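Written out below as structure tokens is the structure these notes cover.
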């Protein structure tokens, strides 16, 4: 693994664990399906990403008008006794709910009294931090920090975000604390997964609908049935525009014999 310094090719994100240059074979892992929420506009996808990068790159335009309607993948997370449909986001790290379905604290939910807010370029939310039992498939964290939105913009039709980016992206998002451990951080700390690795796989849509459960998250390892060959690691970019994210520097892309 690689202390937040490296990123795998398209299917695996590996978090800080050790100095070994790749995942240990045959680790135990947890899988969970994700469902596509389709966009009708590629332009909106590009504009959203440009707005996000503008926060970290002074040379980027920050005046683009964007709509939070992009190709997203949705995971169902259980928070306390409630189930929420959350956007899986590798470009942010706070997990929060309440944009659509309102949060109701049960016996496991406790307010910390701290304020939380995140701006995404294409949307934002603000509210209060809670800790609660959060479950994704068979993976459970008993005291996970979550944001409970009192206001949000740009998240129509979903309940919030499941943030799986680097923990540094939570810096200064919750009052009185530096950073907030992510769901993956807490799973690893509790020994529920043996390596802090997130695998993401997608499959093409089938049929005329646009809401197939055609993706999968793998927590704590990689699912070898989803790829062939070996996973290749490359250095995580330190560029000011993408440094806080899972970003890599790309000088050229080749598909088969075609350079793009």
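In mature numbering (1 follows the signal peptide of the UniProt record, and there is no 0), the protein residues as written are -21 to -1, 1 to 239. For each residue, glycine too, the CB sits at the ideal point set by N, CA and C. If you're wondering where the values come from, they're calculated on a predicted model, not measured in any experiment.
Got a sec: does the ligand ZN put a non-hydrogen atom nearer than 7 Å to the Cβ of residue i?
i	result
residue 239	Within the structure as shown, the ligand ZN is missing, as the structure has no ligands at all.
Less than 8 Å between the beta carbons of residue i and residue j, yes or no?
i	j	result
residue 144	residue 216	no
residue 73	residue 97	yes
residue 240	residue 87	Here the chain has residues from -21 to 239 only, and residue 240 is not among them.
residue 99	residue 125	no
residue 102	residue 69	no
residue 127	residue 162	no
residue 139	residue 76	yes
residue 226	residue 218	yes
residue 242	residue 182	Lying outside -21 to 239, the shown extent of the chain, residue 242 is not represented and no answer is given.
Within 10 angstroms of its Cβ, does residue i collect 16 or more other Cβ (buried), or is it exposed?
i	result
residue 152	buried
residue 211	exposed
residue 148	buried
residue 107	buried
residue 121	exposed
residue 115	buried
residue 78	buried
residue 62	exposed
residue 166	buried
residue 56	buried
Would you tell me roughly how many angstroms separate the C-alpha atoms of residue i and residue j, rounded to the nearest one?
i	j	result
residue 173	residue 9	11 Å
residue 175	residue 199	5 Å
residue 155	residue 90	14 Å
residue 80	residue 197	26 Å
residue 203	residue 178	10 Å
residue 84	residue 206	41 Å
residue 240	residue 170	There is simply no residue 240 to check, as the chain begins at -21 and stops at 239 in what is shown.
residue 129	residue 135	14 Å
residue 157	residue 150	5 Å
residue 220	residue 214	15 Å
residue 67	residue 104	16 Å
residue 180	residue 94	34 Å
residue 164	residue 146	8 Å
residue 224	residue 209	24 Å
residue 243	residue 59	Because residue 243 is not part of the residues shown, which for the chain are -21 to 239, the question remains open.
residue 92	residue 194	36 Å
residue 168	residue 222	25 Å
residue 123	residue 201	24 Å
residue 236	residue 160	43 Å
Notebook entry, point to check: Which runs of the alpha helix (DSSP H), 4 residues or longer, sit entirely within the segment 147 to 192?
Noted result: Runs of the alpha helix (DSSP H) lying entirely within the segment 147 to 192 and spanning at least 4 residues, in chain order: 162 to 168.
- Should the segment 52 to 63 be regarded as contacting the segment 227 to 235, the criterion being three or more beta carbon pairs within less than 8 Å? Verdict: no, contact absent.
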